[in-house]
Structure formats: C-alpha cells, structure tokens
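Each residue of the sequence shown is one higher than the one before, counting from 63 in this note's numbering.
The beta carbon of each residue, even a glycine, is placed where N, CA and C say it ideally should be.
To start, the structure itself, in structure tokens.
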Amino acid sequence: MAEDDEIKSLRKLIDKILKNCNSLNYKKLKAAGIDSAENVTREIFTSRVPFTTKSEIVTDHANNNPFGSNLALDQYQYPKFSKTSGTKSKPIFWVDSMDDWNHMLDAWSIIFNNAELNPSVDRLFFAFSFGPFLGFWTAYEAASKMQFMTIPGGGLNSNGRLELLADTSASVLLCTPTYALRLGKLLTDKYKINVKKIIVAGESGGSIPEIKQKISQLWGNVEVIDHHGMTEVGPVTYQDQKRTSYLNMLPGFHLAEVIDSKSEKEVNYGETGELVLTTLKRSDNALLRYKTGDIVEKGNIKINGIDTLTFRNGILGRNDDMHIVRGVNIFPSSIDAIIQKYDTIEEYRVLVFTLNSMKEIELNIELNDSSVELEIIKSLSNDFNSSLSLRIPIRVVPEGTYEKHEFKAIRWINK
C-alpha cells in the first residue's frame with residue numbers, strides 16, 4: 063500500500079474511533095494525546111499509541127459482554143459471528159459488519175487471483191467443519207462471489223470427504239496443513255483425485271518446507287499454497303508467486319509493524335520479531351497495534367512499484383509457543399519439521415514438564431510399523447541433536463493413542 067494511502071486509511075479509522083468515547087480504542091488514542099486524526103502520521107501513531115494485547119481484548123469483552131466495547135455500530139448491525147479457537151486463552155466472540163466482511167472477501171479474492179485460480183476451470187473443495195471459527199468461511203463466500211463452484215465438506219468424515227472430492231473432480235483443496243497430511247495418508251487408488259492445488263491456512267505448517275513438501279508428495283506433487291490470518295484481524299498474507307517460501311502482506315488491509323519482543327521497537331529488514339497489526343479496512347470492530355504473537359522475519363519487496371512487507375518462511379512460530387529447554391529456544395514448528403520427514407510416524411505429542419527446576423520435553427510417537435521402532439528412535443535422536451543440539455527422550459506409544467485433528471492440532475501438552 064502506498065504510504066499516502068496508508069495514512070489516509072489510518073486517519074479515516076481514527077476519525078471513526080474518536081466518535082465512540084466508550085471504546086477501548088478511544089481510550090488508547092486519548093492516552094496517546096490524539097484528539098484528532100488531522101495531523102497523525104505513521105511515526106506519531108506507532109510511537110504514541112500503546113499496543114493492544116489479547117489479554118486486554120479478553121478483559122474488554124468480559125467487561126462489555128459479549129462483543130466488547132470497540133463496536134463502531136449498534137451490535138445488531140453486525141450480521142457475521144465467529145469466535146477464536148481458545149487454544150491459549152478464553153475464546154473471544156468476534157462480530158463483523160457487512161462492510162468489514164466484504165473487505166475480507168476482497169482479501170481472499172487477491173489470494174485466489176494470486177494462486178491463478180479460474181472459475182471456468184477450477185472447482186474448490188473445502189475440507190472444513192464450518193463451525194463458529196472464522197477459518198475458511200470468508201474463503202468460501204469469496205469463492206462463491208467470484209463464481210467458483212464451492213463444495214462444502216462439513217459434516218463428513220475423512221473418507222466421505224475424499225469420496226466427494228473425487229466424485230466432484232474438484233481441482234483445489236482448502237484445509238489446514240495438518241488435515242492435508244491426514245487426508246493425503248488416506249489416499250488410495252480407489253479415489254480418482256483431480257486435485258492440482260492445495261491452499262492451506264490455520265496453522266504455521268504451510269510455510270515449513272518439510273511439511274509443504276510432504277503434503278505435495280502425498281497428493282501427487284501438487285502445488286501447495288500457504289496463507290495466514292487470524293479471527294481478530296482477518297486475512298493477512300498471501301504466498302509470493304515466484305518466491306514460494308515467502309508470504310507477502312495483503313495490500314491496504316493493515317498497518318503492519320515487526321517489533322523486537324524485548325525492546326518493542328521496530329526491527330530492521332532481515333531481523334525477526336513479532337508481527338503487530340492495525341486493521342485499516344476491518345474498521346467497524348478495529349484493533350490498534352495488535353500484538354499477534356506471530357514471529358516473522360521482516361523483509362521488503364516491490365509489487366507494482368509499491369514497497370510491501372514480506373516474510374521469509376512465513377510464520378516462524380508464535381512467541382507464546384516458544385519453549386526454552388536447557389538454554390535452547392524451541393518452536394513447535396521446528397519439531398514438526400523434523401517429524402514430518404518420517405512416513406512411519408502416524409501421530410505424536412510433546413510432553414512439557416519441569417525437572418529439577420528446569421523445563422524439559424519428552425516426545426511420544428505412534429508408529430504404523432513397529433518393526434522399525436529402534437531405527438526411528440535412533441534416527442530421530444540424531445536429527446534433534448544435529449538440528450537443535452538437544453537430546454530429547456523418545457517413547458513409542460500404541461497406534462491410536464492420540465486423536466487426529468483437522469483444525470489446529472494441539473500436540474504440546476503441559477504435564
């Protein structure tokens with residue numbers, strides 16, 4: 063987004079917020095000494111306005127039950143409802159006006175166009191339960207608006223979804239990385255699959271090269287396309303066409319910063335930090351300088367002559383997911399990248415516990431071939447040692463011990 067356009071959008075958002083004196087956002091602007099949007103610059107905004115955290119949102123929604131204080135309209139002017147998954151905290155209810163919802167559909171249109179999908183050629187299959195999570199709801203509606211045939215896979219088990227996927231000859235599959243792996247392992251010759259592309263979202267795995275490659279191989283070397291977003295801020299990025307390991311910011315939808323987790327100052331290009339977003343177009347339930355928790359490597363690319371934030375290897379992890387084990391910083395994605403190289407590992411869990419006042423982890427794995435148990439343990443141990451400089455205890459558990467997920471697999475367990 064051109065800088066002038068970004069500032070215009072920011073000032074328009076501030077004008078709207080200043081009309082709701084009871085909102086959390088209003089209080090943040092007043093605390094920053096911003097009484098008017100007229101002379102606000104990016105520098106003034108990012109240096110004065112305090113961050114917004116998820117815990118603040120949870121508290122605000124509890125005090126202003128059920129949808130929080132940041133609504134710019136009467137609550138009955140918000141026809142769209144979703145909620146966060148509640149993986150790390152109490153689930154948050156989120157509502158959208160039709161204007162905001164349509165902006166998110168516009169974002170998905172960019173994602174589909176960038177993926178070079180064509181309504182005259184492609185049919186889209188959504189292997190998604192269509193519960194109250196934002197997930198692929200906006201993708202589904204955007205695809206319908208663009209005249210794609212959209213095939214919902216909600217209410218079916220995995221085999222039922224594969225049958226419908228084959229029977230409809232759908233060429234594009236949309237699901238989480240975890241579920242793409244799960245479905246891929248169930249593929250047999252009886253399913254005459256026509257999938258050419260898989261769009262994944264909902265987890266960081268879509269940008270991990272090892273997981274991306276594994277998904278592609280399971281589905282016959284199809285193209286795997288990553289995207290990321292959040293319930294609170296909507297769609298955020300799309301995969302770069304040429305540099306497929308990069309995610310680019312969707313143009314015009316957010317004012318984005320990447321900050322150092324300790325100093326909370328903007329990092330330089332090439333450095334990693336936490337992604338902070340202000341929702342410019344989703345303005346009827348806006349967030350100011352929201353600390354997403356997503357860890358990215360800040361980069362820059364010119365697209366149509368406009369400087370655009372880009373993130374190498376996508377979302378590297380989440381700062382609330384990071385564990386320090388014997389002085390080593392470990393993200394779940396780094397463990398997952400190693401595990402996904404092994405076809406014989408069906409499912410796994412990482413147990414987190416404290417021993418002698420120090421954090422430790424143990425890996426429990428399910429195997430589909432017990433004859434290779436010793437070989438797998440030895441090979442995994444070597445991989446962990448070479449990649450993470452850690453010795454991690456590994457235990458084999460009976461196949462079927464752990465539930466398989468289709469949405470946001472939770473594999474790290476605090477004992």
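Report the rounded CA-to-CA distance for Glu424 versus Pro394, giving the unit in angstroms.
Distance between the alpha carbons of Glu424 and Pro394: 13 Å.
For a minimum of 3 consecutive residues, which ranges assigned as the beta strand (DSSP E) are wholly contained in the segment 82 to 160?
Qualifying beta strand (DSSP E) stretches, in chain order: 142 to 145 and 155 to 158.
How many Å lie between Ile363 and Thr372 at the Cα?
Cα-Cα distance, rounded: 7 Å.
If you drop the 5 nearest sequence neighbours on each side, which residues of the same chain put their C-beta closer than 8 Å to that of Arg453?
Non-local C-beta neighbours of Arg453 in its own chain, meaning closer than 8 Å and more than five positions away in sequence, comprise Ser443, Phe446 and Asn447, ordered along the chain.
Am I right that Lys403 and Arg244 are in contact with their C-beta atoms under 8 Å? What's the rounded C-beta distance?
So it is not a contact: roughly 17 Å between Cβ atoms.
Does the segment 224 to 236 touch the segment 183 to 199, meaning 3 or more C-beta pairs lie closer than 8 Å?
Short answer: they touch.
Looking only at its own chain, which residues have a Cβ that is under 6 Å from the Cβ of Ser191, when we skip the five neighbours before and after it?
Gly216.
Please report the distance separating the alpha-carbon of Tyr464 from that of Val434.
Approximately 20 Å between the Cα atoms of the pair.
Quick check on the DSSP output: what are the complete beta strand (DSSP E) runs of length 3 or more inside the segment 407 to 437, in order along the chain?
Fully enclosed beta strand (DSSP E) runs of 3 or longer: 407 to 417 and 420 to 429.
Just to confirm the assignment, what range does the alpha helix (DSSP H) spanning Gly246 have?
Note, Gly246: alpha helix (DSSP H), Pro239 to Leu248.
Is the CB-CB distance between Ile261 and Val234 below 9 Å?
Against a cut-off of 9 Å, the Cβ pair of Val234 and Ile261 comes out as a contact.
Can you tell which of Thr354, Asn330, Ser345 and Glu408 has the C-alpha that lies nearest to the C-alpha of Ser85?
The residue with the shortest Cα to Cα distance from Ser85 is Ser345.
In terms of residues, what are the limits of the alpha helix (DSSP H) holding Thr341?
DSSP places Thr341 outside any alpha helix (DSSP H); the residue lies instead in the beta strand (DSSP E), whose first and last residues are Thr334 to Thr341.
Does the segment 345 to 361 come within contact of the segment 317 to 333, defined as at least 3 CB pairs closer than 8 Å?
Touching, per the Cβ criterion.
Between Val412 and Asn426, is the Cβ-Cβ spacing less than 9 Å?
It is a contact, given that the beta carbons lie within the stated cut-off.
Are there 16 or more other CB atoms within 10 angstroms of the CB of Asn366, so buried, or fewer, so exposed?
With fewer than 16 Cβ atoms within 10 Å of its Cβ, Asn366 is classed as exposed.
The segment 191 to 210 contacting the segment 298 to 318, beta-carbon criterion three pairs below 8 Å
With the cut-off at 8 Å, the segment 191 to 210 and the segment 298 to 318 do not touch.
In three-state terms, what does DSSP make of Glu319?
Strand, per DSSP.
Can you give me the Cβ contacts of Leu18 inside the same chain, cut-off strictly under 7 Å, excluding the 5 residues immediately before and after it?
Summary: the structure shown does not reach residue 18, with the chain confined to residues 63 through 477, and so no result is reported for it.
Determine the DSSP secondary structure at Trp281, reduced to helix, strand or coil.
In this structure, Trp281 counts as coil in the three-state DSSP scheme.
CB of Leu450 within 9 Å of CB of Glu68, strictly:
Cβ atoms of Leu450 and Glu68: not closer than 9 Å.
DSSP bridge partner residues for Val298 (one or two, in chain order):
Partner(s): none; Val298 has no beta bridge.
Tell me, which residues are paired with Lys259 by DSSP?
Note: Lys259 sits in a beta bridge opposite Val234 and Glu285.
CB-CB under 6 Å to Phe198, same chain, minus the five flanking residues each way: which ones, in chain order?
Cβ within range, chain order: Phe188, Phe190 and Leu236.
For His316, which of Gln301, Val295 and Asp302 has the nearest alpha-carbon?
When each option's Cα is compared against that of His316, the closest is Val295.
Is it buried or exposed, Asn87, if we count other Cβ atoms within 10 angstroms and call 16 or more buried?
It counts as buried.
Cα-Cα separation, Ile321 to Phe107
Each residue's Cα considered, the two are about 15 Å apart.
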